[in-house]
Amino acid sequence: MHPIGLLCLTPLRLAESAAHPLPEAPPRVAAAEGRVTCTEPGLLARDQGLPGAFSETLETEHFLVAWRPDNADVTEEALATYTEALENSWRTEIDEQGWRAPDQTDACRITVLLAAFDESWGDTGGYADVTEAGGVPYIVLNTGWLAYGDDWTNTLVAHEFNHASQFAYNVFWDEQDWWYWESTAEWVQDGLYDDANTYIWSLWAYLDTPWRALDSMEGAVQYGHFAFNVHLEEAFDAGTPRAVWDAATADTNVRDAVETATGATFAEVVAGYSSRVAAFDVAERAEWLEALGYFELDPWTHVNALPVDGGVDGRGAPHERGQNFLHFQMDTDHGVTFDFNGVPDVEGVPTAWMVTVAEVGAGGAVTHGWVEADAAGAASVTFAADPAVTDVYVAVVPFGEIGERGATYTWSAAAAPAPGADDTDDTDDTIDGPKKNEDEDEEPVACGCATGGDAGAGLGLAGLLLAVGAARRGRPTPGRSS
Numbered sequence: 093m094h095p096i097g098l099l100c101l102t103p104l105r106l107a108e109s110a111a112h113p114l115p116e117a118p119p120r121v122a123a124a125e126g127r128v129t130c131t132e133p134g135l136l137a138r139d140q141g142l143p144g145a146f147s148e149t150l151e152t153e154h155f156l157v158a159w160r161p162d163n164a165d166v167t168e169e170a171l172a173t174y175t176e177a178l179e180n181s182w183r184t185e186i187d188e189q190g191w192r193a194p195d196q197t198d199a200c201r202i203t204v205l206l207a208a209f210d211e212s213w214g215d216t217g218g219y220a221d222v223t224e225a226g227g228v229p230y231i232v233l234n235t236g237w238l239a240y241g242d243d244w245t246n247t248l249v250a251h252e253f254n255h256a257s258q259f260a261y262n263v264f265w266d267e268q269d270w271w272y273w274e275s276t277a278e279w280v281q282d283g284l285y286d287d288a289n290t291y292i293w294s295l296w297a298y299l300d301t302p303w304r305a306l307d308s309m310e311g312a313v314q315y316g317h318f319a320f321n322v323h324l325e326e327a328f329d330a331g332t333p334r335a336v337w338d339a340a341t342a343d344t345n346v347r348d349a350v351e352t353a354t355g356a357t358f359a360e361v362v363a364g365y366s367s368r369v370a371a372f373d374v375a376e377r378a379e380w381l382e383a384l385g386y387f388e389l390d391p392w393t394h395v396n397a398l399p400v401d402g403g404v405d406g407r408g409a410p411h412e413r414g415q416n417f418l419h420f421q422m423d424t425d426h427g428v429t430f431d432f433n434g435v436p437d438v439e440g441v442p443t444a445w446m447v448t449v450a451e452v453g454a455g456g457a458v459t460h461g462w463v464e465a466d467a468a469g470a471a472s473v474t475f476a477a478d479p480a481v482t483d484v485y486v487a488v489v490p491f492g493e494i495g496e497r498g499a500t501y502t503w504s505a506a507a508a509p510a511p512g513a514d515d516t517d518d519t520d521d522t523i524d525g526p527k528k529n530e531d532e533d534e535e536p537v538a539c540g541c542a543t544g545g546d547a548g549a550g551l552g553l554a555g556l557l558l559a560v561g562a563a564r565r566g567r568p569t570p571g572r573s574s
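Each residue of the sequence shown is one higher than the one before, counting from 93 in the numbering used here.
This is the structure in structure tokens:
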């Protein structure tokens, strides 16, 4: 059984550090013989409320691993798994990928406590933290996770070590940015162990409640937003998530850093992200679909017959930059007109709705676009008939600063005008633009949701017309993802 629960306590440690600033660590000079132990494991364990003597130790090039002699989980095989995973994390994340080495590790080994967590910890896998600002970090790992197998142990180590590196950047300390600590560490671990796919539980945490705010720390959704970094990687390049950390300063937040790293506005990036997730337009699409099937999730509202209407009011209404997804399985002989009406504000704060569209064409190629609703919260989208189009995915997203308060809306869908009908409204605009992705083999479809097959090379979004507000004049400014 895969663990479902709290993976990492690092953000809670961030909260403690923010409330009680740490003393500044004095600089340590590297010894001539190399790194030394700078954090005594027994003292650290007592400070962490971990009972017993952590008197058994094993040194590697970058780490001091310590455990209690009566911890039966820590076998020679387990030690080999831990130490190999720790050094692989350093080698891959620091030496190959270019993440910053944790503070003061030119002089100090990182102390890693292997501890048998009691029931009060729930299913926590571990955490990384520091005792001093700018000091060498430490890592605490729950040996109970060994029972889940090497994939879970390896990815847990890679996740926590990335947190140790994140401390060296000394950014994203505000609560609104804590989600990015976890989404980044969860994304990094998959890069180290691509075949492990232990992120499936994170997808559950996200796609079971995609309406939660993008920066929410509720329900473990922050882990599932590793998918945000998947979008940065696939829409820009593989180094973009790390570039976000490199671009940040003590005076910037995640939004500022994303804009610097990508050259796009944060709204454009999030719109592209929402559209990508709506269509599952990702390189590991088969694995994402497998996760949906395993957890019996279906995040879409499916539309297979017209006319139809719907909406969300109450639980499930999207929070700030949260998402609701709709899926139109297309009748290739008829187009669809989708009319959206969202509340213009939540408690006086404008909602700033955006409607994103992902159209699945021949061979599963996906093209993305989006449009802003007008000030009244209205938008109209027409998917013109196209024999190559199998499915259309829509995401509705409030971009206003409404926090974790739901924004309600209604929508309706009806058959579009027949091909050849006179439709010259100058509010229409055409979105096109190629999008590239990796070719994949034919993949299964979960939850009865037709997806149109593989994600492949780009396809122009011919026939997708967007008009903002039925009564609004002038041309909208559509977004474009590539």
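Glycine included, each C-beta is placed from N, C-alpha and C at the ideal position.
Because the structure is a prediction, the values reported are computed rather than measured.
DSSP places histidine 251 in no beta strand (DSSP E) but in the uninterrupted alpha helix (DSSP H) bounded by 242–259.
Residue pairing for aspartate 483: DSSP places it in a beta bridge opposite Gln421 and Val452. Between glutamate 153 and glutamate 179, the C-beta spacing is below 8 Å. Per DSSP, the beta bridge partners of glutamate 148 are Trp159. Per DSSP, glutamate 360 is one residue of the alpha helix (DSSP H) stretching across 358–371.
Counting only the Cα atoms, aspartate 243 lies some 36 Å from glutamate 116. Judged by DSSP in its simplified three-state form, proline 442 adopts strand.
The beta carbon of tyrosine 365 sits closer than 7 Å to the beta carbons of Phe320 and His323 from its chain, once the five residues preceding and following it are set aside; these are given in chain order. Within the DSSP bridge table, the entry for aspartate 437 names Pro442 as partners.
Contact between glycine 498 and proline 436 does not hold, since their C-beta atoms are separated by about 14 Å, which reaches or exceeds 8 Å.
Apart from the 5 residues on each side of it in sequence, leucine 284 sits with its Cβ closer than 6 Å to the Cβ of Thr184 and Ala250 in its chain, given in chain order.
The C-beta separation of tyrosine 501 from glycine 406 comes to about 12 Å, leaving the pair out of contact by the 8 Å criterion. Asp162 is the residue among Ala468, Thr131, Leu156 and Asp162 whose C-alpha sits nearest the C-alpha of alanine 145.
Following the DSSP letters along the chain, one finds serine 294 inside the alpha helix (DSSP H) bounded by residues 292–299. Straight through space, the alpha carbons of glutamate 325 and proline 333 are spaced by roughly 7 Å.
Under the criterion of beta carbons closer than 8 Å, glutamate 412 and leucine 306 qualify as touching, at roughly 7 Å. Excluding its 5 nearest sequence neighbours in each direction, arginine 368 has C-beta neighbours in its own chain below 6 Å: His323, listed in chain order. Annotation for leucine 324: the continuous alpha helix (DSSP H) segment containing it runs 318–327. In the DSSP assignment, no residue is bridged to isoleucine 186.
Histidine 394 and valine 128 have their C-alpha atoms roughly 59 Å apart.
Secondary structure note for phenylalanine 475: its beta strand (DSSP E) is the uninterrupted segment 470–475. With a contact defined as Cβ atoms closer than 8 Å, glutamate 496 and serine 308 qualify at about 6 Å.
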